Amino acid sequence: DDKVFRAELTELVKVGLMSKGHVDACMRAKNRPMFQINAINEAVRKADIHPIDRSRMDTAISTLTDLTGACERIFKSPVPLVYTRHTSRFLTVFLLCMPFGLWPAMSGTWNHWLTIPVTAVLSFFLLGIEEIGIQIEEPFSILPLEALCNGAIAATIQELLDSKRDHSFQVPPGDEQHEPEVVPATAAGILKGQTKLVPATNQ
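Using this note's numbering, you'd call the opening residue of the sequence shown number 12 and step up by one each time.
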């Protein structure tokens, strides 16, 4: 929905992560995912970062582009309507004829009346499998993608931003003078699990 999408982009403008002009350009784009990927690529190109980090970012952007294309192919490649109709019609005819096939075979036994509930249970499961198959044909309409993005993914990104801003990965005071020392590995030590890193003591 364009209205909802514009509202979400406007929230990014309010926090300073996107400009108003970028929002308008994104709304006019014919392929919005590729427009945003190109914007990310342009930001990486202009950023003053280490060449190794730039190479890693380019690899990640290429992977994101491939995954976006795969999702678009899934979304825009519908399953033939004849296939869906044929399976539903076949199941309907099969389930309607099932009682007539089970009743004569079980007429001589005491439990021939179980044909009715057994047919009902089998119909429930088989029609359920057919309905699941129809929904899997369009996974983007049933998966909680927005909740996933606003939940776990947003929390992860916010944690990375906060840690970068607060420099929470700095070495605690007093620990910078202790450098890790590797205990020499021996065959006996490896078998006993004694090969590990221990802090070096000041001489």
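By construction, the Cβ of each residue, glycine as well, lies at the ideal position given by its N, Cα and C atoms. Computed from a predicted model, the values in this text were never measured in an experiment.
CB of residue i within 8 Å of CB of residue j, strictly
i, j, result
"Phe-151", "Phe-86", "yes"
"Leu-133", "Met-109", "yes"
"Thr-126", "Trp-114", "yes"
"Thr-76", "Glu-141", "no"
"Ile-63", "Ile-48", "no"
"Arg-17", "Met-38", "yes"
Residue i - DSSP class collapsed to helix/strand/coil
i, result
"Met-29", "coil"
"Leu-154", "coil"
"Glu-22", "helix"
"Ile-140", "helix"
"Asn-42", "coil"
"Ala-54", "helix"
"Ile-60", "coil"
"Asp-35", "helix"
"Asn-213", "Confidence is the limiting factor: at Asn-213 the pLDDT is only 47, short of 50, which leaves the residue's position unreliable, though a coordinate-based value still follows. In the structure shown, Asn-213 sits in coil (DSSP, three-state: anything other than H, G, I, E or B)."
"Asp-12", "coil"
### Message
So, does the region 20-28 touch the region 43-60, judging by three or more C-beta pairs under 8 Å?
### Response
no
### Query
Would you say the region 136-145 touches the region 95-105, given that touching needs at least three Cβ pairs under 8 Å?
yes
### Query
Taking the runs of the alpha helix (DSSP H) that are 4 residues or longer, which of them lie wholly in the region 74-137?
92-117
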